[in-house]
Ligand code: AVI
């Protein structure tokens with residue numbers, strides 16, 4: 002379904018999938034989130050990638066192909082590429098086509114010997130990947146897996162396993178921790194996460210000709226301990242009517258649109274999920290405070 006169709010359907014169900022955050026503006030706002038002092042996942046994962054790059058390179062081997070799911074600005078993969086011996090090809094996949102093309106051009110300039118073949122598309126749907134050039138390794142950093150419901154996360158991992166055709170997956174997974182620390186990460190003092198959330202409505206104004214008053218909506222994010230997830234919502238500040246795609250949607254003060262879940266895992270819980278998806282979990286790397294984890298997953302029964 003297109004953004005127009007899903008946005009209108011989301012106004013009916015009061016639930017919109019987080020993948021629609023990422024137009025060019027949303028991708029830029031997300032890059033700013035990654036630099037926020039409160040948002041620990043990015044810097045923690047970057048430090049892990051940096052510290053253990055030689056180990057990853059040894060596991061990946063010579064002449065490999067890296068496929069990154071949800072590549073964004075492709076910053077993290079550089080730490081891998083820098084450590085690899087003669088990587089053959091890099092295939093970044095992202096839903097934000099313009100943003101992907103920009104990032105690919107920069108990578109080509111910085112890695113002249115590397116074939117960079119971006120694929121603009123939605124990896125939660127059927128995508129046709131090019132035939133593998135060398136051992137194919139999947140890279141899914143950032144704990145984007147946490148933005149899927151656990152059953153959907155399992156199905157997605159199973160799909161990656163098929164796409165990787167016998168290759169391994171290196172995946173970043175955010176760990177559960179003190180609720181206050183989680184809360185701060187999604188309620189930053191500068192309001193960048195709020196702008197990221199509200200950009201969904203701004204995008205509807207830009208792309209769908211909606212006339213939504215952003216001042217009528219508030220960002221809300223909170224940790225839900227029983228489900229071990231952060232929930233993000235857009236909350237209506239007053240009674241209002243939205244007119245989109247020829248339909249009318251009424252919101253009372255306090256009504257919300259649920260825009261994102263971000264599940265947090267324990268190391269063992271995530272390994273169990275990976276097993277259910279047909280992987281054999283290998284080593285796990287975490288920081289000293291066990292904020293974030295990187296998992297090496299091999300297919301249980303390689304083709
Ligand atoms: C992309 N994803 C892993 C981020 C997260 O933490 O769930 C998206 C995000 N939402 C608000 N801040 C960051």
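Residue numbers (our numbering): 2 to 304. Idealized CB from N, CA, C, for every residue including glycine. Every value quoted in this text rests on a predicted model; they were computed, and no experiment measured them.
- Secondary structure of residue 207 (DSSP, three-state): helix.
- In the three-state reduction of the DSSP assignment, residue 116 falls in the strand class, which pools E and B.
- Shortest Cα-Cα distance from residue 198 to any of 229, 236 and 209 involves 236.
- With a cut-off of 7 Å, the C-beta of residue 148 is classified as near the ligand AVI, since at least one heavy atom of the ligand falls inside that distance.
- If you look at residue 95, you'll find it in the beta strand (DSSP E) that goes 90-95.
- Distance between residue 275 and residue 240, taken at the CA atoms: about 44 Å.
- At least one heavy atom of the ligand AVI falls within 7 Å of the beta-carbon of residue 187.
- Check the Cα spacing between residue 49 and each of 302, 300 and 295: the tightest is with 295.
- Of the candidates 122, 302 and 201, 201 places its Cα closest to the Cα of residue 212.
- Nearest C-alpha to residue 69 among 172, 5 and 35: 172.
- Between residue 291 and residue 193 the beta-carbon gap is near 26 Å, outside 8 Å, which marks them as no contact.
- The residue from 255, 248, 121 and 233 with its alpha-carbon nearest to that of residue 12 is 248.
- Under DSSP, residue 121 forms a beta bridge with 95.
- Here DSSP, grouped into helix, strand and coil, assigns residue 131 to coil.
- Within the same chain, 159, 162 and 301 come within 6 Å of residue 279 by CB-CB distance, once the 5 residues on both sides are set aside.
- Residues of the same chain with a CB within less than 6 Å of the CB of residue 121, apart from the 5 flanking positions on each side, are 98 and 101 in chain order.
- Between the C-alpha atoms of residue 267 and residue 176 there is a straight-line separation of about 6 Å.
- The C-beta separation of residue 82 from residue 112 comes to about 6 Å, placing the pair in contact by the 8 Å criterion.
- Among the bridge pairs identified by DSSP, residue 70 is matched with 94.
- For the set 225, 245, 57 and 94, the Cα lying nearest the Cα of residue 23 is the one of 94.
- Residues of the same chain with a CB within less than 6 Å of the CB of residue 139, apart from the 5 flanking positions on each side, are 68, 161, 165 and 170 in chain order.
- In this structure, the C-beta of residue 17 stays at least 7 Å away from each heavy atom of the ligand AVI.
- Nearest neighbour of residue 262 by Cα position, chosen from 73, 221, 119 and 251, turns out to be 221.
- Residue 29 and residue 77 have their alpha carbons spaced roughly 16 Å apart.
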